[in-house]
Structures are given as structure tokens and as C-alpha cells.
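Worksheet: the structure to be examined is printed underneath.
Chains as they are written, first to last, in my numbering: chain A, -19 to 515; chain B, 4 to 483.
The structure is reproduced here in C-alpha cells:
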């Protein structure tokens, strides 16, 4: 063959193949850079904030946004929609500065004129930033954020995108019970994984350093810098969009965070910084500002936290209900007293008591304590249905057997084995179970979930890697509630687990899977579910 | 700019090749100007500040070369030029090392300066010196500024070599026959370039993940982990460096320019001296021509030969980096070479397989010294290797070898347990890389017949490399 022809063939072949690959990325568009998700054909895994949030705000249909940082990741949009009558999305950014969150919010309001409500946390940790600061640890995918079509080559001809997302999206459509759609915003971005909460976890690597007596001042240049940051990244967007109501709240960090401030002599300074932010924000009519720092019954109870700043998902639920009920709303009239009380509280608080605080064996205890405020009544009343062996038998049992006389004399189901799911498969466990019907336990159907608020059960590991994975699917195949094991579940004791069903309606399928989540688990893994109740 | 970027592969390179040959039809120097402009863009993109340093250096050295030509005190000008070049390199590369060493020895507290190393300075400094010496020795006919600037800036080699002699490169820029497009050479150049790109993007960028993890976590790794990490890190350096050289050679072949071979299957070596004849060949050539030979080489008796050898490798160590590890590395390599020379007859009696193994082992020790942050760390790594053997391979090592396309393929096929296959993949990939590294240079660079199968393979590999440039970062923030 002549070299000219070879070269021409090489160039043409390369261009054609690259075009085909790029076109497939364009069509499926897993980062929604070009168009809405094709949720009638494919399933879109939502799991990478900085790659997907930009596309989500520009192309999804919604009228409300939950945004902020990692402490907003556990909000449930289904709760927000039920409370406020919205159709919301959630686009938080782990470790983000105010600017980064605000830049995304600006994109959203420019792309979507239907937005009427924004809920956003304000992190006190960001008070020291300059207004244009971004987290320097990250290599931001600017090609997804800008309008330059030329640099889209980083997206269209991207190996990870092609083989981790695009091609699997095609192959998943061929699975037995495949349901197109996308990860729900209740689940995005954290997945169903459950953390452990309580003093033992929060203080595991914490060192009680001496508290500094002198307080650090708040100089004027820092005050000016903070005001600039507030204006550019918190309030300007509200001024430019008077039709939107912005609900901002100070992230309710734990008492351990305040102890860290005390060590640095920073408590008064933070109060002063907060005062500056409050005064600036209160000038704006369409911003409602909340703070829950004074709810020390929650913030000083480490059973609500997994580390000094990150609170449990039920605290997110409580925050939503508080915003709805206007609990913790700061006004011109009350913010002075609020700040004064807060300062006095932490200047005299006995931080040493945190060391001996009770760590609930069942973390759902902390959830149950907040339920009256979240829901307005006692948690376990009115309708209650015990799931007995007859009800279990009416479901589909697989790799399991029913047993009598288990937890407190109630019936149970013992599951055996492991899922055939591959280790570190891209498909999440809940989607895998739905699409393949592979589980170790039982699948129950509830014709109407509306009367029920909670699913409660007790569980115990019997052998090896047995662990609880309970998934509630709606009729569309979306996971609407779930509980997956603690990361540190090592004992063989009974534990209580609670799933939230408050905002779920219609027919639901509940899968109790006690097998290990993938093929690397022991085939002898076993877990028992018992004392199952619907409240 | 780098070779392994979308901009370079899809825009810069094809445009440069086409425009170069078109301009050569217009005027005999037009092509050279285009190459110079392309080289300025290549070096300047994202690097403007240090471009100015390079331009100043080019101007300075050119003026020195004119002074050497014009005036009688040629040696003084030559010496001055060399000294200034070395001083500039020393400032950027060694000043902070020198200051921190002073602080360590004398327990002082001299503040270190914020100095960023200009890209390619180690390479272009040596080539500046080569040029001055060539001018001094009257080895060049064309001493125009255009040719000289192009010799230094020539983009296929400016960042990482090969280190070329001016008399082997500059005449090629002026050769009329080479200014016409030669489609056979373009086809060959494409093939060689793809080999280099494949080495860099598929092998080097994969091996570096496991190697980096192993070195960063050596205190908690198993013996097996650490052995894998050291070996694959060595292979990463080879594939990264030789891949770059291959790409430079391939680009030049497209332009009808021949660059010297820089790597010739160094892992085939049966002795450490043979290794240095196969690894970074042009550096060895430079050190031999400009340091070893002027010091007397092997002409001044055996002790002087050994001393000169030690000096050369010490300089080589320093050239590679500013740390005591590089100095010890240089001395260690020098001593190994001397011993290899002294015991040559005895060594040659040993079966080849044993000689190969011992050589490979020695090279891996070079790698440990080369990659460690400190002598203490090097020692810790070496002793960690000899602790109680633990042959478990960590999950992080296995994960480092996960190529998305291979995982997708594994998941698509009816494998029962993909995780077990992934462990096997580590072995397969490493073995494939090792075998590939054994292909001699003349096999890699030889002219080939144009076949359909060859074209299809090139298309597939080229496209595979292009898409491998893109990744999906994950953003892990531990604190918040």
C-alpha cells in the first residue's frame, strides 16, 4: 500500500472512530452538559458533584434547590417537596467555598426561571475566606463549566466517561428488570451508606487540648473582607432574583466544634463574625436566615453527629421541618439576644462532660427523640403492623428461611450468603437488586405506603459478613428509603434500625437483604431480621 | 504544552507538519521559521515566565558564540559561557538544596527561596554548552541565529531530550532534500509516535499509580506490595522517558529529521555498564564527550579512569536532582560501574541469566535511591524489603492497575468473580509491559511496510491513547 493511502486511511479511520465515541458521549451525556437526561432510555447514576451539578442545574426540571456543602448532602428532596409543595433538586458541593456554591446557584437561576425557593447552609468555617476563594485542592473540570466547545474534547473523548459510564449505560438496559431513570436526589450524592454516630465516633481521635483564655480579636479588615464575601456570594444572587425566597441557615456544628474554637480563643470572634453576617443578610427581604446553634439539646448531643461538624440525616430532616415551621428564624428583634445567649452558653459550657456522654447503642434513639419535632407527634402510634411469618411468606423468599420466637418472641427471617454482584461494581447495591432480583432475604409488597411513617426492625449478624441492607422501592423502581449497615458492624448483638417512610406514597416493594453486598463476601454470611413493624 | 494532550495531538502536531512542508515550498528558510514559531508556542503555552528566561539564555549564548567566532580569546569566552550556563542551572536547581544543607550542617536558619524549576532547563543547558563547544571546535557551517535558536527550541526534544549534538541536528534543518514531504517517513513517524504515546499513556501512567502508592505507604505495605511498587516504578520511569523520546523521534521522522536513539531496551542488559549504554544514551554520550574525555577518560591510567568514572556519575546524579539521594545514587552507580569493569572477566563467566538478574536487581536499587525523598527513607525501604516476607498484595495495588476499559470488558464477560481476574490482570499487564520493554530500538524504529492490518492496529491504539488522556476526577475532601 502506498504511504499516502496508508496515512489517509489512518487519519480517516481515527477521525471516524473518535467521532463515534464522542457522539455516544453526546447522546447519553452522563454529566448533562448538553441536554436533559434521557430517563426513558437510560439510568443515570448521580454520584459526582463537581462533574454533574453544573449539568443538573442547567438541564433538569425543578423549581427549588437544596445546595451548600457536605452537611447538606443528607437532605431529602422528597421531604422538602412534601413540606413546601416543590419539585426540588439537591446540588451540594463537598468542601466548597461560598463562591463555588454561589457560582452554581447563578448558573441555576440563569438557566431556570421557574425557581422559587433555595435552601442553603452557611458554613462558619468559610468565614475566613476571600470572596473569590475556591478550594485549591481540586482540579475543577472547567470544560464542563464554560461555554467553550473546543475544550469539550476533555469530556467527549474521555476514557473514564466512556467505560465507566457511557458503555455501561447501554449494557444495563439489557438487564432483566432494568428501569430507566436516575438516582433520586434523596440518595444523591451519598448513596445509602449509613454512618455511625455518637461520642465514641466523634471523639475517637480527638485530643482535649487546653482552652485558651485570651480571645482573638476581629479586626476591621477581616470584617470588610467578610462583608464582601457575604455580598458577592450570599446576598447578590438574592437581590438579582427577588422572585426567589432564599432560606439560609448556619450549619449546626456540634459542641466539639465550639470546643475547638475555645482552644483557639475564637468563640467571641466567631460570634462577632456571625453578627456581621446576620446583619448583612437581614437587610434582604427575600432571604430568611435561620440558626440552630442555640438548640444545644441537639448540638451538644453527640449522638446526632459522626464528627465535630457533620450531623446525621435526621438532623437534616429536623432542619427542614424547622425551616417550614420557622423555628430558629433570625430577625432584627431577636438576633442580638440569640448571639448573647450563644456566647454565654459556650463560655461557661462544661466541655469535659462530652467525654462521658452516653453513646446510644442504637443510633435510631437519637432520631426517635427528634421525631416529635420533625413530625409533630409521638413516633409510634396509630397504625402499627407487625410483619409476622405469614406476611413474610406472602413475600418472595430467597436464600432465606422464616423462624419463630426471635427478638422479643417475634418472628424473623434468616438470610444466607452473598450477592453475585461484582466487587466495587458501578451498579449500586439497590439498583443491582432491583435489576437482577438477586438478594438474600425476602421481598415484600405494600399496596399503599401512605398510612405508614416508619419501618422498624431488629437485626443481628449471625455469621461472617451478614449485614442489613433494606431497600424500599416505589413503583418506578426508585429507592425511596433504605438502610445499609454501619461501617463498623462487628458484633453479633441485636440492633434496632429505623427507616423513614413519612413521605412515601403508593405501592412499594421492600427488600430485606441480609447477604453480603458482593461476591467477595463469605458464602456463609448470615443475618437475621426480626421484630419487623410498620408504624 | 505536552505531547500527551488533546491540543497537541489533534491540533498542534498535524497543523505543524502540514504548514512546515507547505512553507518549505515557499522559501528555503520558511519551514525553519515555522518550526521555530511552533517551538516557541509549544514551550510558551502555560510557561510564559520561564520562556523569557530561555529566550534570554538563547540570546546570551548566541552572543558568546559570536564572540568565540570573532575574537581571539576564544577559550575565555567559551569558559565564561559554560560557567554562566552552569551557574544559571545551579541557581534554579541547586541553590535551595545548598542552603538547606548548610542549615542542616550548621543548624542555621537561612530562609529558602521560592524557586520553581523552569521546564527543560537541565536539557537545554547541556545543549547550549554543546553548541558553544561545537562553535569553538569549528564543527558547524551554519551558525546563523535562526538555526541556533531552532536547535535549542526544537519542540520534539526541548523538554526531555534526546540531547542532540548541534552538528547532528543543524545540518538537517538546512538539507534541501529533507524539506520535501516524504510520505514514507510520515507513515513511519506516525507509527513511532504512536508507540511512544502508548508507552506513556497506557504503561507509564498506569505503573506510576501503583509505584507512587507503594513509595508513599512503604512502611505499611507488605513485601510483595513493595517489590511490585519498586519494579513498576522503575518501569514507569522507563516508559515515561523512553515514550517521550519515541514521540520526539516519531515527530521528527514525520518532519524528515533524525533524532538520536535514547533508549535501547535497557532491561536486556547483562551488566551495569551495558545498562548505561542502553539507558538515556544521549546523556551518557554528552557526559562522555564533555566531561569524561576532557578529564582524560581512560587514557591516564587505571586510577584516573575510575576517578573519572566516579566524577561523571556524580555529575549525572546531580544533574538528575538536587538531593543527597542523587549524590549517593551517582556515587553508587559509579562504584557499580567500576566494579563491573574491575571484575569483568569473572563476571563474564557467570551464566547470562544470573548476570541478567543481578543487573536487574541493581537497577531496582538505583530506582529506590532515585525515588526516595531522603537517604533515611531509601534505607528504610531497603530494610523493609528484607523483613519477614509477606506475600499479600494490597487492594490499592490491584486497584492501581484497573483500566476502565478492562474492567468494563471483565464485567461484560461471564466471569464469576471479577476481583480474582483483576489480580491476575496485574500480573498480565506488568508482564506485557516488561516484554514490551525488551524490544530493541532498531526493531521499534525500523521502516515498515504499509499494511491494512497495521493501519487498523495504529488507529485502535491511537484512539485508545487519545481517550486515555481524559479521566473523571473524584473530589475527596477529608475535612469538609
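Beta carbons are placed, not taken as given, at the ideal position from N, Cα and C, and that holds for glycine. Note that the structure is predicted; figures quoted are calculated from it, not measured.
When you compare only the Cα positions, how much space is there between residue i and residue j?
i: residue 217/B; j: residue 90/A; result: 47 angstroms
i: residue 271/A; j: residue 255/A; result: 12 angstroms
i: residue 67/A; j: residue 97/A; result: 10 angstroms
i: residue 468/A; j: residue 288/B; result: Because the pLDDT at residue 468/A is just 49, under 50, the model does not fix this residue reliably, and the value given afterwards should be weighed accordingly. Looking at the two C-alpha atoms, the distance is approximately 60 angstroms.
i: residue 316/B; j: residue 213/B; result: 29 angstroms
i: residue 534/A; j: residue 384/A; result: Any question about residue 534/A goes unanswered here, given that chain A covers just -19 to 515.
i: residue 312/B; j: residue 137/B; result: 24 angstroms
i: residue 305/B; j: residue 279/B; result: 20 angstroms
i: residue 472/A; j: residue 161/A; result: 38 angstroms
i: residue 234/B; j: residue 372/A; result: 56 angstroms
i: residue 327/B; j: residue 377/B; result: 7 angstroms
i: residue 186/B; j: residue -13/A; result: 8 angstroms
i: residue 227/B; j: residue 426/B; result: 13 angstroms
i: residue 57/A; j: residue 476/A; result: 25 angstroms
i: residue 230/B; j: residue 106/B; result: 35 angstroms
i: residue -17/A; j: residue 454/B; result: 9 angstroms
i: residue 215/B; j: residue 402/B; result: 13 angstroms
Does the beta-carbon of residue i have 16 or more other beta-carbons within 10 angstroms, so that it is buried, or is it exposed?
i: residue 25/A; result: buried
i: residue 34/A; result: buried
i: residue 154/A; result: exposed
i: residue 435/A; result: buried
i: residue 398/B; result: exposed
i: residue 177/A; result: buried
i: residue 482/B; result: For residue 482/B, the predicted model reports a pLDDT of 38, less than 50, meaning its position is unreliable and no value from the coordinates is stated.
i: residue 469/B; result: buried
i: residue 279/A; result: buried
Any idea which residues DSSP pairs residue i with across the strands?
i: residue 291/A; result: 285/A
i: residue 491/A; result: 423/A and 451/A
i: residue 513/A; result: 366/A and 436/A
i: residue 97/A; result: 44/A and 225/A
i: residue 441/A; result: 507/A
i: residue 381/A; result: 394/A
i: residue 230/A; result: 102/A and 271/A
i: residue 70/A; result: 46/A
Quick check on residue i - is its C-beta less than 8 angstroms from some C-beta in chain D?
i: residue 199/A; result: Absent from the structure is chain D; the protein chains it does hold are A and B.
- Select from the region 497 to 511 of chain A all residues with a C-beta closer than 7 angstroms to any C-beta belonging to chain B, and list them in chain order. Residues 499 and 500.
- Task: Check whether the region 34 to 46 of chain A touches the region 98 to 105 of chain A, counting contact only when three or more Cβ pairs, one atom from each stretch, lie closer than 8 angstroms.
- Result: The region 34 to 46 of chain A vs the region 98 to 105 of chain A: in contact.
- Message: To be precise: take each residue of the region 395 to 413 of chain B, compare its Cβ to all Cβ atoms of chain A, and keep it if any distance is under 9 angstroms. Which residues remain?
- Response: Cβ contacts with chain A: 402, 405, 406, 407, 408, 409, 410, 411, 412 and 413.
- Message: With a threshold of 8 angstroms, are at least 3 pairs of Cβ atoms found where one atom belongs to the region 200 to 213 of chain B and the other to the region 48 to 56 of chain B?
- Response: Result no; under three Cβ-Cβ pairs closer than 8 angstroms.
- Query: Counting Cβ pairs closer than 8 angstroms, one from the region 316 to 334 of chain A and one from the region 238 to 254 of chain A, do we hit at least three?
  - Reply: Using a Cβ-Cβ distance cut-off of 8 angstroms, the region 316 to 334 of chain A and the region 238 to 254 of chain A are in contact, since at least three pairs of beta carbons, one from each stretch, lie closer than that value.
- Task: Anything in the region 133 to 145 of chain A with a Cβ closer than 9 angstroms to a Cβ of chain B? List those residues in chain order, please.
- Result: Hits within the stretch, in order: 133, 134, 135, 136, 137, 138, 139, 140, 141, 142, 143, 144 and 145.
- Interface positions of the region 289 to 318 of chain A facing chain B (Cβ-Cβ less than 9 angstroms), listed along the chain: Taking 9 angstroms as the Cβ-Cβ cut-off against chain B, the residues of the region 289 to 318 of chain A that qualify are 289 and 290.
- Message: Three or more C-beta pairs under 8 angstroms: does that hold for the region 223 to 240 of chain B against the region 412 to 424 of chain B?
- Response: Output reads no: the region 412 to 424 of chain B does not touch the region 223 to 240 of chain B.
- Query: Using Cβ-Cβ distances below 7 angstroms, what residues of the region 188 to 215 of chain B are close to chain A?
  - Reply: Going along the region 188 to 215 of chain B in chain order, one finds 189, 190 and 193 with a Cβ nearer than 7 angstroms to chain A.
- Check distances from the C-beta atoms of the region 231 to 260 of chain B to those of chain A and list, in chain order, the residues that come in under 7 angstroms. Under the 7 angstroms Cβ criterion, the region 231 to 260 of chain B contributes no residue.
- Message: Taking beta-carbon pairs under 9 angstroms, can you tell me which members of the region 458 to 470 of chain B lie near chain A?
- Response: Listed by position along the chain: 458, 459, 461, 462, 463, 465, 466, 467, 469 and 470.
- Message: So, does the region 425 to 445 of chain A touch the region 485 to 501 of chain A, judging by three or more C-beta pairs under 8 angstroms?
- Response: A contact between stretches requires three or more CB pairs, one per stretch, nearer than 8 angstroms, and the region 425 to 445 of chain A meets this requirement with the region 485 to 501 of chain A.
- Using 8 angstroms as the threshold, is the region 323 to 340 of chain B in touch with the region 363 to 383 of chain B, meaning 3 or more CB pairs across them? Verdict: yes, contact present.
- Message: Using 8 angstroms as the cut-off, can you tell me whether the region 467 to 477 of chain B makes contact with the region 124 to 144 of chain A, which would need three or more C-beta pairs spanning the two stretches below that distance?
- Response: Result yes; three or more Cβ-Cβ pairs closer than 8 angstroms.
- Task: Compile a chain-ordered list of the residues in the region -14 to 15 of chain A whose CB is closer than 7 angstroms to at least one CB of chain B.
- Result: Hits within the stretch, in order: -14, -13, -11, -10, -7, -6, -3, -2 and 1.
- Message: Quick test of the definition: if touching needs 3 or more C-beta pairs under 8 angstroms, does the region 100 to 117 of chain A touch the region 66 to 81 of chain A?
- Response: Pairwise C-beta distances place the region 100 to 117 of chain A in contact with the region 66 to 81 of chain A, as three or more of them are shorter than 8 angstroms.
- Task: With 7 angstroms as the limit, tell me which residues of the region 369 to 403 of chain A have their beta carbon closer than that to any beta carbon of chain B; keep them in chain order.
- Result: Per Cβ criterion, the list reads 402 and 403.
- Task: Closer than 8 angstroms, Cβ to Cβ, to anything on chain B: give me those residues from the region 263 to 274 of chain A, in chain order.
- Result: Those residues of the region 263 to 274 of chain A that come within reach of chain B (Cβ to Cβ, closer than 8 angstroms) do not exist; the list is empty.
- Message: Can you confirm whether the region 162 to 181 of chain B touches the region 260 to 267 of chain B when touching is taken to mean that 3 or more C-beta pairs between the two stretches lie within less than 8 angstroms?
- Response: Result yes; three or more Cβ-Cβ pairs closer than 8 angstroms.
- For the 8 angstroms Cβ check, are there 3 or more pairs between the region 269 to 288 of chain A and the region 212 to 225 of chain A? Contact between the region 269 to 288 of chain A and the region 212 to 225 of chain A is absent: fewer than 3 CB-CB pairs across the two stretches fall below 8 angstroms.
- Message: Would the region 379 to 395 of chain A count as touching the region 504 to 512 of chain A if we require 3 or more Cβ pairs under 8 angstroms?
- Response: With the cut-off at 8 angstroms, the region 379 to 395 of chain A and the region 504 to 512 of chain A touch.
- Give, in chain order, every residue of the region 332 to 344 of chain A whose Cβ lies closer than 9 angstroms to some Cβ of chain B. Listed by position along the chain: nothing, the set is empty.
- Message: Tell me which residues of the region 56 to 72 of chain A have at least one Cβ-Cβ distance to chain B shorter than 8 angstroms, keeping chain order.
- Response: So nothing in the stretch comes that close.
- Task: Spell out a yes or no on whether the region 242 to 258 of chain B and the region 154 to 163 of chain B are touching, meaning 3 or more CB-CB pairs, one atom from each, closer than 8 angstroms.
- Result: Counting Cβ pairs under 8 angstroms, three or more are found: they touch.
- In the region 162 to 185 of chain A, which residues sit with their C-beta less than 7 angstroms from some C-beta in chain B, listed in chain order? Those would be none; no residue qualifies.
- Message: With three or more C-beta pairs closer than 8 angstroms as the rule, is the region 411 to 420 of chain A touching the region 138 to 158 of chain A?
- Response: Verdict: yes, contact present.
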